[in-house]
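Single-structure report; data block below.
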Amino acid sequence: MLYLDHAATTRVRPETREAMAPYLDDVFGNPSGIHGVSRDAKNALERAREEAAELIGAAHPLEIVFTGGGTEADNLAVVGSALAGGRRGAVVTTAVEHEAVLESVDFLERLGCRVNCIGVDRSGKLDVAELLTRVDQGTAVVSVMAANNETGVLFPLRHIADEVRTISPDTLVHTDAVQAFITEDVTVAATGADMISVAGHKFGGPKGVGLLYVPREIELEPVVHGGGQELGRRSGTHNVAAIVGMVAAMKATVAERRAARLRIKGIRDEFETELRRAVPDLEITGAEQPRLVQHSHFRIPGVAAETLLIRLDQEGLAAAAGSACNSGAVTVSHVLRAMGMGAREASECVRFTFGWSTASDAGVNAAGLVTRVAGELR
Amino acid sequence: MKALVAMSGGVDSSVAAALMLEQGYDVIGVTLKQWEGDNGEMPVAGCCTVSDAEDARRVASQLGVPYYVLDYVDEFTEKVVDHFGEMYAAGKTPNPCVECNRRVRFSVLLERTGALGCDVLVTGHHARIRHDEDGYHLVKAVDGTKDQSYVLHMLGQRDLERVRLPVGEMTKVEVRERAARMGLRTAAKPDSQDLCFVGNGSYRSFIRSQFPDVARPGPLVLGDGTVLGEHDGMIDFTIGQRKGLGVALGERRYVVDIDANTATVTLGSRDELLAKGCLVDDVSFVAGELPTGTRVDTKIRYRSTAVPATIGPKGDSWRVVFDEPQPAVAPGQSAVFYRGDEVLGGGVISRAVR
Numbered sequence: 244m245l246y247l248d249h250a251a252t253t254r255v256r257p258e259t260r261e262a263m264a265p266y267l268d269d270v271f272g273n274p275s276g277i278h279g280v281s282r283d284a285k286n287a288l289e290r291a292r293e294e295a296a297e298l299i300g301a302a303h304p305l306e307i308v309f310t311g312g313g314t315e316a317d318n319l320a321v322v323g324s325a326l327a328g329g330r331r332g333a334v335v336t337t338a339v340e341h342e343a344v345l346e347s348v349d350f351l352e353r354l355g356c357r358v359n360c361i362g363v364d365r366s367g368k369l370d371v372a373e374l375l376t377r378v379d380q381g382t383a384v385v386s387v388m389a390a391n392n393e394t395g396v397l398f399p400l401r402h403i404a405d406e407v408r409t410i411s412p413d414t415l416v417h418t419d420a421v422q423a424f425i426t427e428d429v430t431v432a433a434t435g436a437d438m439i440s441v442a443g444h445k446f447g448g449p450k451g452v453g454l455l456y457v458p459r460e461i462e463l464e465p466v467v468h469g470g471g472q473e474l475g476r477r478s479g480t481h482n483v484a485a486i487v488g489m490v491a492a493m494k495a496t497v498a499e500r501r502a503a504r505l506r507i508k509g510i511r512d513e514f515e516t517e518l519r520r521a522v523p524d525l526e527i528t529g530a531e532q533p534r535l536v537q538h539s540h541f542r543i544p545g546v547a548a549e550t551l552l553i554r555l556d557q558e559g560l561a562a563a564a565g566s567a568c569n570s571g572a573v574t575v576s577h578v579l580r581a582m583g584m585g586a587r588e589a590s591e592c593v594r595f596t597f598g599w600s601t602a603s604d605a606g607v608n609a610a611g612l613v614t615r616v617a618g619e620l621r
Numbered sequence: 004m005k006a007l008v009a010m011s012g013g014v015d016s017s018v019a020a021a022l023m024l025e026q027g028y029d030v031i032g033v034t035l036k037q038w039e040g041d042n043g044e045m046p047v048a049g050c051c052t053v054s055d056a057e058d059a060r061r062v063a064s065q066l067g068v069p070y071y072v073l074d075y076v077d078e079f080t081e082k083v084v085d086h087f088g089e090m091y092a093a094g095k096t097p098n099p100c101v102e103c104n105r106r107v108r109f110s111v112l113l114e115r116t117g118a119l120g121c122d123v124l125v126t127g128h129h130a131r132i133r134h135d136e137d138g139y140h141l142v143k144a145v146d147g148t149k150d151q152s153y154v155l156h157m158l159g160q161r162d163l164e165r166v167r168l169p170v171g172e173m174t175k176v177e178v179r180e181r182a183a184r185m186g187l188r189t190a191a192k193p194d195s196q197d198l199c200f201v202g203n204g205s206y207r208s209f210i211r212s213q214f215p216d217v218a219r220p221g222p223l224v225l226g227d228g229t230v231l232g233e234h235d236g237m238i239d240f241t242i243g244q245r246k247g248l249g250v251a252l253g254e255r256r257y258v259v260d261i262d263a264n265t266a267t268v269t270l271g272s273r274d275e276l277l278a279k280g281c282l283v284d285d286v287s288f289v290a291g292e293l294p295t296g297t298r299v300d301t302k303i304r305y306r307s308t309a310v311p312a313t314i315g316p317k318g319d320s321w322r323v324v325f326d327e328p329q330p331a332v333a334p335g336q337s338a339v340f341y342r343g344d345e346v347l348g349g350g351v352i353s354r355a356v357r
């Protein structure tokens, strides 16, 4: 099978599995207990925290809050900072964020927070000037993703963070770096962000675990209430095995990032070159913008994404379209709508995403398969 | 050969998929997402819900065939639901299952069957397709109590060539037994009764919310013009209705007419409800050519017995004259012509002829 849906999720890396194994076996303790079994688990948890802090470039391990995934990290950052101290702080974000941010912002709006969603142009480029005009002293948080999960388009985060701080030093900058972490340099220094969301399963870690980088002096209203774990910022018994697994995957990802970037870009570019040659009217989304090396988002005019993906699945190629809903039907994505795409065009867009487990000939093979199937459909 | 099986999550289409596998076809299961709630997800109550799709997916998985949910929300809304509202607005009683078959399932989905890499489209309808030197014939199901040939009358030769209805050859009891024997989770699932897009509420409250202008009030009168009172909306009435008329009368009264222009609902006796015949629009014949002879059995509602009648063209329409006057001939319902067990064709009743 050709699995080209790495933006959805990835295969667990061998390092991950190996790191997790003891915590699914002998070292099963609850890190919050008093006895030896707990101490072993607690040691593993805090070692993982130290490693994660180093990989992210945090000043202190306690600036890493482990969460139940990327969505939860986004919720904690956006909702937590807007509502901190009983405030109803204003939020500025973009129209193309992941639903984890957009739905959080929608929730805040219902609670009475002032909300601004900034649009993008046809190529996916963010209107940064417009975004900055919306920031003022009352803005609690600006949430801008590092790279878009559908198109792969990168946003100039460092620049945005610097400008926001000039306008309003107390405003926090959050970034959803869930996709970017795989191949971009996602550190405190590189992003300039006050808060960074990461999700384990996008880079060979397990599902259901993520982290939020957030300095201790930043006040957050928790969104999950309970036993007060993670400095009270995220209650709930630690998923020690998953946390350890995620951090092992982070380590491997960061260590290999430079090489993986080149390798994956090579495969992706080969895929797009081959496909362009065979399908001259191919339209690659965000091709004019800096974008993640692992993403290829495009449309073949006249070929419905739903039909193409089903046919490709029959041929053993797994790819994706817009965001999937509960039932699994393909629906038009808010990202493409924000880019000004009509429903027809949007319904022809597909996303191929390459990853750590992608074989080197995958680009050529996938292009050949898409060419053949699309040819039959046109 | 590859079969695209439209799986609703019910027992009939589950068994249809299994039967196609037995016949040696490669099978792909699909559920049409036809309707969604305000949140854009599939509805959670009624028919065609997330849990129905889940049943379909689980059956497909058990059979080892790929399964997809296809998004037909826009088509279904425009071609079936909006039409449903328009028909009510015109004082008619539409049959959305017929329109869904005509405008979605056996048009856009059938046309897409090839694009999805399949040779035939399969549904769980109870009806049969026969093929002989004259071409394809649409025939009532083996199980007369479950026969659905009425809602398939619009199928023509080119359609029947590419459609398979395997459960039409079995009784419902046999279908359930087969499902149970294979351990399919849908074996004992009750038959769906509701309109898929209406959910748990009544179709009347659905129309009130979706098409508020259709619910406009108007006078309730007798045939001689006597005004009995005011009603809350035409939507509460169907030709032939006897209960819930909102007025107390000494004798049994029925809805005999609905005038959409003035929102007037006319009540009358059972005799006044009788129609000698009706006019039928959009008539098509399964054979693709006009039937020989004029004598047919006509079914004017899904749940009614076909009655002897004489048919003939009248302008663009067809005129049907029943041997015996029939009660409750409701414009908007389909009139389907049978000869014996075979469906000759049919169309939509435009008006009753008294």
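Taken in sequence, the protein lines are chains A and B.
Per the working numbering: the first sequence = residues 244 to 621.
Per the working numbering: the second sequence = residues 4 to 357.
The C-beta atom is built at its ideal place from N, Cα and C for all residues, glycine as well.
Every value quoted in this text rests on a predicted model; they were computed, and no experiment measured them.
Since B:A309 and B:D300 are thought to touch, with beta carbons under 8 Å apart, how far apart are those beta carbons, to the nearest angstrom?
-> Locating residue 309 of chain B in the second sequence gives position 306, counting from the first residue. Locating residue 300 of chain B in the second sequence gives position 297, counting from the first residue. Yes, they are in contact, since the Cβ atoms of B:A309 and B:D300 sit about 4 Å apart, within 8 Å.
B:Y28 at chain A interface by Cβ criterion, 9 Å = Reading the second sequence from its first residue, position 25 is the one you call residue 28 of chain B. Judged by the 9 Å Cβ criterion, B:Y28 is not in contact with chain A.
Give the interface partners of B:A118 over in chain A, defined as CB-CB distance under 7 Å, in chain order.
-> On the second sequence, residue 118 of chain B is found 115 positions in, with the first residue counted as 1. Residues of chain A passing the Cβ test: T550 and L620.
On the three-state DSSP scale, how would you describe A:E462?
-> The residue you call residue 462 of chain A lines up with position 219 of the first sequence. A:E462: coil per DSSP, three-state reduction.
Would you identify the three-state DSSP class for A:T434, choosing helix, strand or coil?
-> What you label residue 434 of chain A is simply residue 191 of the first sequence in a count that begins at 1. Three-state DSSP puts A:T434 in a helix.
Could you tell me whether the Cβ of A:H562 comes closer than 9 Å to any Cβ of chain B?
-> Mapped onto the first sequence, residue 562 of chain A falls at position 319. According to the sequence displayed, residue 562 of chain A carries Ala and not His. Answer no: the Cβ-Cβ gap between A:A562 and chain B never drops below 9 Å.
If we ignore side chains and look at the alpha-carbon of each, how far apart do B:S17 and A:N482 end up?
-> Along the second sequence, one-based indexing puts residue 17 of chain B at 14. Along the first sequence, one-based indexing puts residue 482 of chain A at 239. Cα to Cα, the separation comes out at about 40 Å.
Do the CB positions of A:D437 and A:S411 come within less than 9 Å of each other?
-> Translated into positions along the first sequence, residue 437 of chain A becomes position 194. Translated into positions along the first sequence, residue 411 of chain A becomes position 168. No; because the gap between Cβ atoms is not below 9 Å, this pair is not in contact.
Going by beta carbon distance, what residues of the same chain come within less than 7 Å of B:A19, once the five residues before and after it are set aside?
-> Within the second sequence, residue 19 of chain B is the residue found at index 16, counting from 1. Hits under 7 Å: V8, V125, T126, G127, P169 and V170.
Can you name the start and end residues of the beta strand (DSSP E) that A:K445 belongs to?
-> Indexing the first sequence from 1 puts residue 445 of chain A at position 202. Note, A:K445: premise wrong, no beta strand (DSSP E); not H, not E.
Runs of beta strand (DSSP E) lying entirely within the segment 225 to 278 of chain B, each at least 3 residues, in chain order = 230 to 234, 257 to 262 and 267 to 271
Are the segment 242 to 257 of chain B and the segment 312 to 323 of chain B touching by the rule of at least three beta carbon pairs closer than 8 Å?
-> no
Span separating the alpha-carbon of A:R594 from that of A:A502 = By 1-based counting over the first sequence, the position of residue 594 of chain A is 351. By 1-based counting over the first sequence, the position of residue 502 of chain A is 259. If you take the alpha carbons of A:R594 and A:A502, they lie about 23 Å apart.
Do the segment 397 to 413 of chain A and the segment 277 to 288 of chain A meet, that is, are 3 or more Cβ pairs less than 8 Å apart?
-> no
What residues from the segment 72 to 99 of chain B come within 7 Å of chain D, judged by C-beta to C-beta, listed N to C?
-> Judged by its chain identifiers, the structure shown contains no chain D, and its protein chains are A and B.
Among A:L374, A:G313 and A:G328, which one has its Cα closest to the Cα of A:S347?
-> Residue numbering aside, residue 347 of chain A sits at position 104 when the first sequence is read from its first letter. Nearest C-alpha to A:S347: A:G313.
Measuring CB to CB, does B:V178 end up less than 9 Å from B:D15?
-> As a first step, residue 178 of chain B is located in the second sequence; it is residue number 175 there, counting from the start. As a first step, residue 15 of chain B is located in the second sequence; it is residue number 12 there, counting from the start. Yes, the pair counts as a contact, with Cβ atoms nearer than the cut-off.
Are the segment 335 to 345 of chain A and the segment 498 to 518 of chain A touching, with three or more C-beta to C-beta distances below 8 Å?
-> no
Buried or exposed (CB count within 10 angstroms, at least 16 for buried), B:V176 | Locating residue 176 of chain B in the second sequence gives position 173, counting from the first residue. With fewer than 16 other Cβ atoms within 10 Å, it is exposed.
Sequence-distant residues of the same chain with beta carbon closer than 6 Å to B:L22, five excluded per side = Here residue 22 of chain B corresponds to residue number 19 of the second sequence, with the count starting at 1. Within the same chain, B:L22 has close Cβ partners P169.
If you follow the alpha helix (DSSP H) that B:P328 is part of, which residue opens it and which one closes it?
-> Mapped onto the second sequence, residue 328 of chain B falls at position 325. Run containing B:P328: none in the alpha helix (DSSP H); it sits in the beta strand (DSSP E), S320 to P330.
Are there 16 or more other CB atoms within 10 angstroms of the CB of A:A484, so buried, or fewer, so exposed?
-> Position 241 of the first sequence, counted from the start, is the residue given in the question as residue 484 of chain A. Classification for A:A484: buried.
What distance in whole Å lies between the Cβ atoms of A:D317 and A:D419, which are believed to be in contact at a cut-off of 8 Å?
-> Start at 1 with the first residue of the first sequence, and residue 419 of chain A comes out as number 176. Start at 1 with the first residue of the first sequence, and residue 317 of chain A comes out as number 74. With a Cβ gap of about 5 Å, A:D419 and A:D317 count as contacting.
Can you grab the Cα-Cα spacing for the pair A:C568 / A:P399, in whole Å?
-> Translated into positions along the first sequence, residue 568 of chain A becomes position 325. Translated into positions along the first sequence, residue 399 of chain A becomes position 156. Residue confidence for A:C568 is low, a pLDDT of 48 falling below 50, so the modelled location carries little weight and cannot support an answer.
Interface flag, B:I379 vs chain A, CB-CB below 9 Å = Residue 379 of chain B is absent from the structure shown; chain B starts at 4 and stops at 357.
Quick one: measure Cβ to Cβ for B:V339 and B:G280, integer angstroms, because I've assumed they're closer than 8 Å.
-> Position 336 of the second sequence, counted from the first residue, corresponds to residue 339 of chain B. Position 277 of the second sequence, counted from the first residue, corresponds to residue 280 of chain B. That pair is no contact at about 15 Å.
A:R554 versus chain B: which residues are under 9 Å apart at the beta carbon?
-> Reading the first sequence from its first residue, position 311 is the one you call residue 554 of chain A. The answer, in chain order, is A118, L119 and G120.
Count the other C-beta atoms from every protein chain shown that fall within 10 angstroms of the C-beta of B:N264, then say buried if there are 16 or more, exposed otherwise.
-> To locate residue 264 of chain B, count along the second sequence from 1; it is residue 261. The residue in question, B:N264, is exposed, as its Cβ has fewer than 16 Cβ neighbours within 10 Å.
Near-chain B residues of the segment 511 to 534 of chain A - C-beta to any C-beta below 7 Å | none
Contact under 9 Å by Cβ, B:P69 with B:G117 | The residue labelled residue 69 of chain B in the question sits at position 66 within the second sequence. The residue labelled residue 117 of chain B in the question sits at position 114 within the second sequence. Contact: no.
What three-state label does DSSP hand A:L612 in the structure shown?
-> For the purposes of this step, residue 612 of chain A is taken as the residue at position 369 of the first sequence. Correct three-state label for A:L612: helix.
Look at the alpha carbon of B:L163 and the alpha carbon of B:R273, and state the distance between them as a whole number of angstroms.
-> In the second sequence, residue 163 of chain B corresponds to position 160, counting from 1. In the second sequence, residue 273 of chain B corresponds to position 270, counting from 1. Cα-Cα distance, rounded: 40 Å.
Closer than 9 Å, CB to CB, is B:R115 near chain A or not?
-> The sequence position of residue 115 of chain B within the second sequence is 112, counting from 1. Answer yes: the Cβ-Cβ gap between B:R115 and chain A drops below 9 Å somewhere.
What whole-angstrom Cβ distance do B:L113 and B:R167 have, given they're in contact under 8 Å?
-> Counted from its first residue, the second sequence places residue 113 of chain B at position 110. Counted from its first residue, the second sequence places residue 167 of chain B at position 164. Going by Cβ atoms, the distance from B:L113 to B:R167 rounds to 12 Å, so no, they are not a contact pair.
Can you find a CB in chain B that lies within less than 9 Å of the CB of A:Q472?
-> The sequence position of residue 472 of chain A within the first sequence is 229, counting from 1. Output row for A:Q472: interface = no.
Contact set for B:V76: own chain, Cβ-Cβ below 7 Å, skip 5 residues either direction = Along the second sequence, one-based indexing puts residue 76 of chain B at 73. Counting only Cβ-Cβ distances below 7 Å, and skipping sequence neighbours, we find K36, Q37, W38 and E39.
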